[in-house]
Structures are given as structure tokens and as C-alpha cells.
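Report on the following structure.
In the UniProt record's numbering, the protein residues as written are 1 to 288.
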């Protein structure tokens, strides 16, 4: 597989990024953005994309973040916190005079984004739904913030990781899993989530199969539970720990184990490490 060629085609040529034109680069809702100048002031309201901006080499343009934007820890510490992803402090954001604010369809409230768009000239909307969608995300931000080389490098790494995952997936029998995100009530993820797509990359089918609701309450007596081979307890948003493993194992009558939630749910540059992490975990568990 010629990963470099695939990436060049996806990014719009050897120069990276989608081909720029007079209208610029289109975000997840079709809004087009031109090239930002060197003095851009960026506020990011998406934790994993804050990390991505540093990996693209433009972290020095960030002027604000949410309290959940915690990576890279040594770099974000000095940035002002603007509340959470769902309760952004708009007055504080306005005071930073950003030229660009990055938001996400799932992470941020629509009414908040609409309010921000009234006083920020460039609101960039993102919405990766599967690991391969990060290629377009790299291209979008790489084009807008003039860091195509870094974006292309990330894309090559992700394509390589996805190719390795696909090779492993083809060699193993598919396995159905339950991925827990909450306790009291017990909650999981639907097949329509980014997490489910990440698990699917290595041949794990997240149960239940239904796309809605996106975060259903678990019915331990449901017939579909009979198909579950193992249960994962995510480290976020609920902080599952070793004490919960036995409890869940008894409820599900299946093997249960902790799993790194950031590796499964954070898109952006973290998707590269995430796919590698899941590939290694799938391989290890397959060996018994």
C-alpha cells in the first residue's frame, strides 16, 4: 500500500491541504475559511483539537481553551480557561479578541456557537465521526493555519496506523464488545459514535448495534448481551478503576477490563496513538 500517495491524493496533492481556492477551506458545516495570517489569535473549545494544534506547530497562536483542554499539560497550563465545553464563558472569550474559534458539533452547544459567531470573524466547525475523518481535519487546519507539512506528516502516520489495524482486523474473527462510559446508570456508546468507529478499526463491534440513542443505558438482561465477548470500562468520562472491574464482570458474566478513554475517544493527532494502542491491545487479547 502506497500510504504517501494515498495521503497526497486525500490532502489534494503533494503540497498537503485541500487545494486552496479563492473561497478557502471548507469546515464540517460547509463554511469556507481563508488562510489565517501570522497574527491569528486562536481559541479552541475542543480538548483533542487543542492538542492537535500544538502537534501542528501552531500552539503559540492559542490564546484560550476550556478547562478540559489538558494536553499537552506543560504547554496549556499558561492559557486562560474559559469554562467547560458546554458552559463557555462568553464574556471572557470576547475579552481575548480571538480571530478564530474552533468548535465541534458534539462537544459544544449550538446556541453557544451561534453566540460566538456574532463577535468572532472565523468560527471553524469540526466533526470527525471515524478515525479516517482525521485526515480531512488535518488538511483543514493545516490549510487555514499554513502548516501543511506538519498536517501531511500526521496524515502519513495515521494512514500507516490504519493500514496496520486493517491487516490485523482481516486476520482475526470479529468480536462483539460492550464499552462502558458511565455508572449509575450504566451507559455505553452506540454504533454511530466515534468510539465505536475506533473499536471497529481493529475488528471490535460495539454493542448495541442500533445508532440511536448515541449513549444508551445498558440493559444487562437484554438478549444482545449474550453476544458480548468482553466489556471495556473507559477511563473517561466516568473514571472507572480497578474496583469496578469485578463488579462489571459479575453483572455481565463476561471478562471485563479497563481501557484508556482518551485513546478511544480523542480525535486529532491522538487518533494516531489511539489506533496503535487499540491494535496492540487487540493483538494481545487475541493471543490470550
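Glycine residues also receive a C-beta, built at the ideal position from the N, C-alpha and C atoms.
Spatial neighbours of residue 72 in its own chain (CB-CB distance under 6 Å, excluding positions within 5 residues in sequence) are listed in chain order as 54. In the displayed model, residue 188 falls within a strand according to three-state DSSP. Each residue's CA atom was taken as its position, placing residue 194 and residue 274 some 12 Å apart.
Cβ neighbours of residue 202 within its own chain (closer than 7 Å, five residues either side excluded): 165, 168, 169, 278, 279 and 282. For the alpha helix (DSSP H) assignment, the uninterrupted runs of no fewer than 4 residues enclosed by the region 24 to 100 are, from N- to C-terminal side, 47 to 55, 73 to 76 and 90 to 95.
DSSP places residue 282 outside any beta strand (DSSP E); the residue lies instead in the alpha helix (DSSP H), whose first and last residues are 270 to 286. Comparing C-alpha distances from residue 228 to each of 104, 235 and 208 shows the shortest one belongs to 208. When the five nearest sequence neighbours on each side are left out, the beta carbons in the same chain lying within less than 7 Å of the beta carbon of residue 44 are those of 50, 53, 62, 65, 69 and 102, in order along the chain.
Between residue 25 and residue 135, the CB-CB gap reaches or exceeds 8 Å. For residue 114, there is no enclosing beta strand (DSSP E); the enclosing alpha helix (DSSP H) has its first and last residue at 110 to 117. Scanning 121, 83, 82 and 130 for the CA closest to the CA of residue 98 turns up 121. Following the DSSP letters along the chain, one finds residue 169 inside the alpha helix (DSSP H) bounded by residues 148 to 171. For residue 175, the enclosing beta strand (DSSP E) starts and ends at 175 to 182.
Residue 125 places its beta carbon less than 8 Å from that of residue 28. For residue 192, the closest alpha carbon among the candidates 152, 226, 128 and 240 is that of 128. Looking at the DSSP output, residue 256 bridges to 231.
Under the DSSP assignment, residue 265 falls in the alpha helix (DSSP H) whose first and last residues are 261 to 265.
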